[in-house]
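K.L.:
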Amino acid sequence: MYKFRRSVVKRWAAGVGIALLTAAPTLANASDKIIHDAEYYILEAQNKDKWAVEDKSLDEKLAEFRKQNGGAPPNIFYILIDDIGFGDLGSATLNSIRGYSTPAINEFAREGMRLSRMYTEPSCTPTRVAFMTGRQPHRNGMGNTSVDISGFGLAGKEVTLAEVLSAAGYNTSHVGKWHMGDIKEAWPNFQGFDYASFPIHQQGQLTIFHDDAADEEVSIGIGDNNYDDRFTLDRWLRTDASSMVTGVEGIRGENVREVYMEPGERWTEAKYHEMNVRYQQQAKEQLRKLAKGYKPFFLQYWPLYPLTGPRTKTDNYTTPNGGTYVEKMKLVDRWIGELMSEMDELGIADKTLVIIMGDNGHFTKYSPQSGYTPMIFRGGKGDTTEGGVRVDAFARWPGMIKAGSVVGDIVHVSDLFSTIARLGGAVDNTPTDRIIDGIDQTSLLLNGETHGRRDYVFIYNINKLEAVVKEQYKLAIPDGNLDNAILADFFDLFRDPQEKYPVSTEIGAWGGAKFVRMIQRHLARKAKYPDEGPATGMPYEGIDNLRPESQAAVQEFLFMMKTPRL
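If you're matching positions, the sequence shown starts at 470 in this note's numbering and goes up one per residue.
1. I'd like to know if the region 751-768 and the region 629-641 are in contact, where contact means that at least 3 CB-CB pairs between them fall below 8 Å.
2. Tell whether a beta-carbon distance below 9 Å holds between Ile931 and Phe546.
3. Pull up the distance between the alpha-carbon of Phe832 and that of Glu523, whole angstroms please.
4. Classify Leu808 as helix, strand or coil using the three-state DSSP reduction.
5. What is the rounded straight-line gap between the Cα of Gly849 and the Cα of Asp557?
6. What are the partner residues of Arg583, as DSSP defines its beta bridges?
7. Evaluate the contact criterion for the region 576-595 versus the region 861-880: three or more CB pairs, one atom per stretch, below 8 Å.
8. Just confirm the distance between the C-beta atoms of Leu549 and Met844, as a whole number of angstroms; I'd bet it's less than 8 Å.
9. Got a sec, what are the start and stop residues for the alpha helix (DSSP H) Met1029 sits in?
10. So, helix, strand or coil for Ser565, using DSSP?
11. Would you tell me roughly how many angstroms separate the C-alpha atoms of Asp651 and Asn898, rounded to the nearest one?
12. Let me know the secondary structure DSSP gives Ile931 once reduced to three states.
13. Decide yes or no for the touch test of the region 783-796 against the region 807-824: beta carbon pairs closer than 8 Å, at least 3 of them.
14. If distances are taken between C-alpha atoms only, which option among Leu892, Thr614, Ile870 and Phe621 comes closest to Thr1005?
15. For Gly857, does the three-state DSSP call read helix, strand or coil?
16. Just verifying my parser: in three-state terms, what is the DSSP assignment at Tyr468?
17. For the structure I just gave you, are there three or more beta carbon pairs, one from the region 722-731 and one from the region 597-607, closer than 8 Å?
18. Using the DSSP secondary-structure output, state which residues sit across from Phe959 in a beta bridge.
19. Given a threshold of 16 other Cβ atoms within 10 Å of its Cβ, counted over all protein chains shown, does Thr614 qualify as buried or as exposed?
20. Would you say the region 965-984 touches the region 932-945, given that touching needs at least three Cβ pairs under 8 Å?
21. Contact criterion: CB-CB distance below 9 Å. Does Gly868 meet it with respect to chain B?
22. Tell me the rounded alpha-carbon separation between Met611 and Thr888.
23. Grab me the residues of His679's own chain with a C-beta within less than 6 Å of its C-beta, minus the 5 sequence neighbours each way, in chain order.
24. Alpha carbon to alpha carbon, how far is Tyr774 from Asn658?
25. Restricting to Cα atoms, I'd like to know which of Lys995, Leu702, Met987 and Gln941 is closest to Glu508.
26. From the DSSP output, which residues share a beta bridge with Ala936?
27. Do you know offhand how far Asn724's Cα is from Tyr510's?
28. Quick one: complete beta strand (DSSP E) runs, 3+ long, within the region 582-650?
29. By DSSP, does Gly816 sit in helix, in strand, or in coil?
30. In terms of residue numbering, what span does the beta strand (DSSP E) encompassing Gly719 cover?
31. Name the residue from Leu800, Trp705 and Val938 whose alpha carbon lies nearest to the alpha carbon of Asp924.
32. Is the number of C-beta pairs between the region 879-893 and the region 595-605 that are closer than 8 Å three or more?
33. Which word fits Ile1012, buried or exposed, when buried means at least 16 other C-beta atoms lie within 10 angstroms of its C-beta?
34. State the Cα-Cα distance for the pair Gly873 and Ser712, rounded to the nearest angstrom.
35. Excluding the 5 residues flanking Tyr664 on each side, which residues of the same chain have their C-beta closer than 6 Å to its C-beta?
36. Tell me which residues share the same chain as Thr708 and place their Cβ nearer than 7 Å to its Cβ, disregarding the 5 neighbours each side in the sequence.
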């Protein structure tokens, strides 16, 4: 099991002090136990005997699979789709309501299990951090989403699922969106992946405020041809998407190189489309390469589509819906179908756990032109209502997960970390010196509904606790501050999935004090294991072919960070 000792290397650039955190893993005592949040122990105290019986049977099932699979655990293929709200994947009926179709994912859903109560974090970065580390991102300072040069990211001392599986003998590859920082230690090839192809930033730069998007007013107040700059004094105010680093590639522990972007070249929607096509092709190439290896593999594919900005750069709109995101989601669905067919041709489908899910609710700021609005739940990306944190999620593992099954047990995205670690025989590599929010949900996957081990979720907006779910009951916490739950809004999510009709007295009368104590236990646990900030460092350091305009953009950032001390 990993613990870490920290060393801090101070690097000073352009008069600005930035602490670069580095971490070296060391083995912890094998008798250490994984530390969970306080609420888990409430459930364990009441269910441990049942769970012990289940675990014995699960160990036998997994051992039998390994025996039939040449002694190896399953391959893991994880596909995370950006900003796609609940109800828009996996159902022909709901597809019909929306006016488009996702036939490949619908078929995938029929072949596996639908996790109908999958919770994520409210936006891109925190969900990805929760999956990769098994920890809610308020614990490591990664609860916010950065769209520009920022100089921070996921700390090297965090232990990712890729590191956990790699230590257990897995080959690891990442393709597509990453969005966990613009500093070297935060990049996937320094977080356990043997190979990584990814953009340093995200779709804000890549499709929302580049030149083409500015010309169509996807973003306003930006672009040389779009306003009279006679009153503009601050030429650094408007971020230049083309000056930021775009896509990079690299291998484990080595510097990366920016690809398909030359000095002086402008970033366009055409180049964004080429990047998406390239990532799909690389995902397929990595699948083929990994399938030929003698080790199990962990392949992570996080498409950038369906997010797309300029409408006129799409030649044909082929759905009754006609939305920009909807058109690209149709393409992503086709690509996923191709990857599933590739697995069949490679003969690895029965050896591989595949999970397909969204990362948070719809990007409602671009509704309805995107083609998407919240369908079942209220709210979208950035919200702590159900529409911001409930997503479609499906898991398929032929012969191990029952086809066509639907489970109503609560799952949080961090649970996938702990569950996959167990399936991969890598539990002993999980760190034991920090809280792991992820709960092992192997029993739910292999035994089906009612075999989950979570009935609660703490829902944060960055660092502020804004809601708590327990069973089907949800407590909204105004301004993240709550002294008396009987005065707050409770919702029954089965009766009121849109959270429009509070039942505060009806629930608060018997449950208010229990919810307050639940929050108090959670906060006391945080006091014992305090939250920390992200790693900080020099943006783009570790890119061997950094373009001159990107170097200049970093200098602008450094100077602006220095001005409070001038």
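Just so it is clear, CB atoms sit at the ideal spot from N, CA and C, and this is done for glycine as well.
P.N.:
Answer, in terms of the structure:
1. Flag = yes, the region 751-768 and the region 629-641 touch.
2. For Ile931 and Phe546, no; Cβs fall outside 9 Å.
3. For Phe832 and Glu523, the distance between alpha carbons rounds to 40 Å.
4. The three-state secondary structure of Leu808, taken from DSSP, is helix.
5. In a straight line, the C-alpha of Gly849 is about 13 Å away from that of Asp557.
6. Bridge partners of Arg583: Phe863 and Val875.
7. Touching, per the Cβ criterion.
8. Contact doesn't hold; Cβ gap of about 20 Å is too wide.
9. From DSSP, the alpha helix (DSSP H) with Met1029 extends over Pro1017 to Lys1031.
10. Judged by DSSP in its simplified three-state form, Ser565 adopts helix.
11. Straight-line Cα distance between these residues: approximately 27 Å.
12. Of the three classes helix, strand and coil, the one that applies to Ile931 here is coil, per DSSP.
13. By the Cβ rule, the region 783-796 does not count as touching the region 807-824, because fewer than three pairs are nearer than 8 Å.
14. If we check each option's Cα against that of Thr1005, Phe621 comes out closest.
15. In the structure shown, Gly857 sits in a helix (DSSP, three-state: H, G or I).
16. Nothing can be reported for residue 468: it is not among the residues displayed for the chain, which extend from 470 to 1035.
17. With the cut-off at 8 Å, the region 722-731 and the region 597-607 do not touch.
18. According to DSSP, Phe959 bridges with Leu944.
19. Buried is the call here.
20. Yes: the two stretches touch, three or more of their Cβ pairs being nearer than 8 Å.
21. Although the question refers to chain B, the structure presented lacks it and comprises just one protein chain.
22. One alpha carbon belongs to Met611, the other to Thr888, and they sit about 22 Å apart.
23. When the five nearest sequence neighbours on each side are left out, the beta carbons in the same chain lying within less than 6 Å of the beta carbon of His679 are those of Ala710 and Trp736, in order along the chain.
24. Rounded to the nearest angstrom, the gap between the Cα atoms of Tyr774 and Asn658 is 22 Å.
25. Ranking the options by Cα distance to Glu508, first place goes to Met987.
26. In the DSSP output, where bridge partners are listed per residue, Ala936 has Ile928 and Ala945.
27. Cα to Cα, the separation comes out at about 43 Å.
28. Complete beta strand (DSSP E) runs here, min 3: 582-588 and 640-645.
29. Three-state result, Gly816: coil.
30. For Gly719, the enclosing beta strand (DSSP E) covers residues Gly716 to Ile720.
31. Nearest C-alpha to Asp924: Val938.
32. In short, these stretches touch, since the Cβ pair count reaches three.
33. Result: buried.
34. Between Gly873 and Ser712, the C-alpha separation is close to 48 Å.
35. Excluding positions up to five away in sequence, the list reads Ser642 and Ile720.
36. Around Thr708: Asp617 and Phe678.
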